[in-house]
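Top line first, the protein sequences correspond to chains F and E.
Here the first sequence is numbered in numbering that gives the first Met the number 0, starting from 0 and rising by one per residue.
Here the second sequence is numbered in numbering that gives the first Met the number 0, starting from 0 and rising by one per residue.
Number of protein chains: 2
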Amino acid sequence: MKNFNFQAGTKILFGKNKINELADEVLQHSNRVLITYGQGSVVKSGLLDTVKSKLAEKDIHFEELSGIQPNPRLASVKEGIKICREKNIGLILAVGGGSIIDASKAIAAGFAYDGDVWDFCTRKAVPSSPLPLGSILTLAATGSEMNGSAVITNQETQEKLPMGSDLLRPQFSILDPVYTFTVNKWQTAAGTADIMSHLFENYFTPDMGTDLQDGIAEAILKTCMKYGPIALEEPENYEARANLMWASSLALNGLTGTGKMTGDWSTHMIEHEVSAIYDLTHGVGLAILFPNWMKFVLNERNAFKFVRMGKNVFGIEDADPMVAANKTIDAIRKFFDKLGLPSTLSEVDIPETHFVEMGKKACQFGPIGYFQRLNETAITQILEMSK
Amino acid sequence: MKNFNFQAGTKILFGKNKINELADEVLQHSNRVLITYGQGSVVKSGLLDTVKSKLAEKDIHFEELSGIQPNPRLASVKEGIKICREKNIGLILAVGGGSIIDASKAIAAGFAYDGDVWDFCTRKAVPSSPLPLGSILTLAATGSEMNGSAVITNQETQEKLPMGSDLLRPQFSILDPVYTFTVNKWQTAAGTADIMSHLFENYFTPDMGTDLQDGIAEAILKTCMKYGPIALEEPENYEARANLMWASSLALNGLTGTGKMTGDWSTHMIEHEVSAIYDLTHGVGLAILFPNWMKFVLNERNAFKFVRMGKNVFGIEDADPMVAANKTIDAIRKFFDKLGLPSTLSEVDIPETHFVEMGKKACQFGPIGYFQRLNETAITQILEMSK
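Structural data, given as structure tokens:
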């Protein structure tokens, strides 16, 4: 187990009607709020009105930034920073899924920074003294509600890059599983694959002595595999939505990565290159790519890690480690199939055109991956396997 | 899954030589520290000297409170409060195991309270504005390093009672597994049983829909069962000590209790009555009592929970749930035997004399337990089964 620091201090308010505690949480930070949201689902569902009335009841002033898109754009972030500065905002309240929370983190970080907020993504600057942030989650997927990471898309440069700091963890997040009852099958499946992908990224590393973390990851994976299909069949099954929602937060709040030098993260970086150009749903891209990444990196030296997951999560046993490992990868692919997710990029209309370019851009800061280092040729090969 | 709030904000600094970050952490809170410790093991090991020199290097003033005993006494707490007030202390630094950290929490809470600090244990008062607290852990057992609970013994009244508040969570805790290399076999075994008991308390509840939490508890249990015996055989096995140490914190930081109304906690309360009189090592008392509590409460309606643990942790399968449940309890008893822990109170020289009185005192605030309510007669019966 490697040395680590861990502090996941986000206050989680979990369960039915937790929105009733919103105003008191907000007032611990400020009485001037920027509400950020997306393209209308929180308007239609009535959640936005509820949020506004809860704030108004306690005389909390609010501004609004709407229209934040999936794979959130730099333009929205800049607009948010402008509003926060002009309106003397003291807290950002993200109402939505991971994209809304990610954009809000970038706004929070950019607020106190004189330069271009994109500098945080290109590693030219590090966030300091961000605005505080709260979230009201409406999609179980990214884990953004309990971590300090964000991924922003720069349409001008066709780049999608991460930024992050422990300072960007939300101060509080309201997780009411009822808000996810209206999430459609496609997004429910993609969200489940996203949660599982985060667990894979931290699981497949060369670190040793991390039984505890890997065991916890296996438990969260089993939860996703039990409740993902139930949520698809019964969208208003509270226990299924609740287990997925809490799984989303715990899968990527740092817990399963403790004691490891880092996660692997190459599959995420490859997916970012694809969705920077094609605006693919993140979890769908991951579900297509991950089994192929696994097949690509599997070898006799690292097979034991796939064997372990196969045994503990899928009940797979085989005397030959390579056979057991391949069966495990096939079982993961089969589970994604069961969720109704595509297995090839062509199914989501993504052609081979940019595969070489994607490989190059993924390696713009050098080879990627930790379980196995990948250069641009390797990445292009994984994309070819996924076509 | 029931509604919950969760915020485990303690900053964990985990690993070899993390003591090098001590002074910077301390200075985020104060430059006037009270170091609390026990009966000499941290003096012998040289850790106390290291702590003092790290503080002195950064001109941090410190006072000392030594001699805190296992099952920490109210007298030590009052002495600590007096020093903090007289010497204008701004942070308490606990160096030791759970008893030292527990006593320090009580000191932290009592500092700002005009009445008798024992009021927090008798539920006459609730902590507010406590002094900040940091810890340097030397024993993997109680989880006190990452939670807001403490248990204090009042020798005058022969009472051992809990107090707690989220405000009493340490601000930071340094967890260097190397500091536990010198923990002897008895304490290593007792610590492992203590960690497992915390998981049992939160696992055996009547709440439904908590697959995620129960799966995480099972993963931590399996970690204890793998590494407890290794730590006994190879006291300087870093991975074993590291896994047990991080398991200790995660077993009782609130995580496995999320989504449940409360844990059961009756076995802990019974053990407190025993050790209030006999000064028994906490984990040893729990290892004796827990399998008997399990046998006592097991019935056909709740057997499924034992069956689940049996299957997922011990690989036990049996078509008859009551048979599987009993096999699970026997497997737990057998594992404690393997750790070299006693299975009866008579082995640790505790006679039947006070069994009836212990039952009465455990119920001083009413019947105890959540998985099954226990009155004083039931408690006396469990003690009889453990004699």
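We treat Cβ as the ideally placed atom computed from N, Cα and C, and that holds for glycine.
None of the values given here were measured: they were computed from a predicted structure.
Check: Exposure of S127 (chain F), with buried meaning 16 or more beta-carbon neighbours within 10 Å; Outcome: exposed
Check: Cutoff 8 Å: E238 (chain E) Cβ touching any chain F Cβ; Outcome: yes
Check: Any C-beta of chain E under 8 Å from that of N252 (chain F); Outcome: no
Check: One or two residues paired with M162 (chain F) in a DSSP bridge; Outcome: F:A149
Check: Classification of G365 (chain F) by the beta-carbon crowding that lies within 10 angstroms, buried from 16 upward; Outcome: exposed
Check: Under 8 Å (Cβ pairs) to chain F, residues found in the stretch 308-325 of chain E; Outcome: none
Check: Proximity test, Cβ basis, 8 Å: E217 (chain F) and chain B; Outcome: Considering every chain present, this structure includes no chain B. Its protein chains are F and E.
Check: Distance CB(A102 (chain E))-CB(V125 (chain E)) smaller than 8 Å; Outcome: no
Check: Of the residues F:T35, F:G96, F:E383, F:D48, the one placed nearest S248 (chain F), counting alpha carbons only; Outcome: F:G96
Check: Nearest to T64 (chain E) (by Cα), restricted to the options E:T49, E:T35, E:T376; Outcome: The question names Thr, but residue 64 (chain E) is Leu in the sequence shown. L64 (chain E) has its Cα closest to that of E:T35, out of E:T49, E:T35, E:T376.
Check: Best match in F:V177, F:N146, F:P129 for proximity to T137 (chain F) [C-alpha to C-alpha]; Outcome: F:V177
Check: Residue interval of the alpha helix (DSSP H) (run including A318 (chain E)); Outcome: Counting along the chain, A318 (chain E) falls outside any alpha helix (DSSP H), and DSSP gives it neither H nor E.
Check: Straight-line Cα distance separating T280 (chain F) from T352 (chain F); Outcome: 19 Å
Check: Chain-ordered chain F contacts of D210 (chain E) [CB-CB under 7 Å]; Outcome: T222, K225, N242
Check: 7 Å CB neighbourhood of H28 (chain F) in its chain, flanking five on each side removed; Outcome: G89, L90, P131, Q170
Check: Stretch pair the stretch 260-278 of chain E + the stretch 204-221 of chain E: three plus CB contacts closer than 8 Å; Outcome: yes
Check: Cut-off 7 Å between Cβ atoms - residues of its own chain near V296 (chain E), not counting five sequence neighbours on either side; Outcome: F370, Q371
Check: Coil, strand or helix - E270 (chain E) by DSSP; Outcome: helix
Check: Presumed contact (8 Å Cβ cut-off) between A330 (chain E) and G309 (chain E), rounded CB distance; Outcome: 7 Å
Check: Length at least 4, wholly inside the stretch 347-384 of chain E: the alpha helix (DSSP H) runs in chain order; Outcome: 354-361, 375-384
Check: Among E:A302, E:V150, E:A216, the one whose alpha carbon lies nearest that of V322 (chain E); Outcome: E:A302
Check: Distance cut-off 7 Å: S128 (chain E) Cβ against heavy atoms of the ligand ZN; Outcome: Judged by which ligands are present, the structure shown has none, so any question about the ligand ZN falls away.
Check: Contact with chain E by Q68 (chain F), beta-carbon distance below 8 Å; Outcome: no
Check: Run of the alpha helix (DSSP H) containing N4 (chain E), from where it starts to where it stops; Outcome: It is not in any alpha helix (DSSP H) - N4 (chain E) instead sits in the beta strand (DSSP E) that spans 3-13.
Check: Distance between beta carbons of W264 (chain F) and E200 (chain F), contact taken as under 8 Å; Outcome: 5 Å
Check: Close-in-space but distant-in-sequence residues of the same chain around E20 (chain E) (CB under 8 Å, 5 per side omitted); Outcome: L12, I173
Check: Sufficient close CB pairs (3 or more, under 8 Å) joining the stretch 115-123 of chain E to the stretch 53-68 of chain E; Outcome: no
Check: Top-ranked residue by Cα proximity to Q6 (chain E), from E:T121, E:L33, E:R72, E:N146; Outcome: E:N146
Check: Chain-order list of residues whose beta-carbon lies under 8 Å from that of K86 (chain E) (same chain, five-residue window excluded); Outcome: R31, L33, E62
Check: Rounded C-alpha distance that separates F110 (chain E) from I269 (chain E); Outcome: 30 Å
Check: Runs of alpha helix (DSSP H) lying entirely within the stretch 284-314 of chain E, each at least 4 residues, in chain order; Outcome: 302-313
Check: Chain E within 8 Å of W264 (chain F), Cβ atoms only; Outcome: no
Check: Straight-line gap, I367 (chain E) to N70 (chain E) (C-alpha atoms, nearest Å); Outcome: 21 Å
Check: Short-range partners of chain E found in the stretch 4-26 of chain F, where Cβ spacing is below 9 Å; Outcome: N4, F5, Q6, A7, G8, T9, K10, I11, L12, F13, G14, K15, N16, K17, E20
Check: Selection from E:K304, E:Y277, E:A324, E:S148 that minimises the alpha carbon distance to E346 (chain E); Outcome: E:Y277
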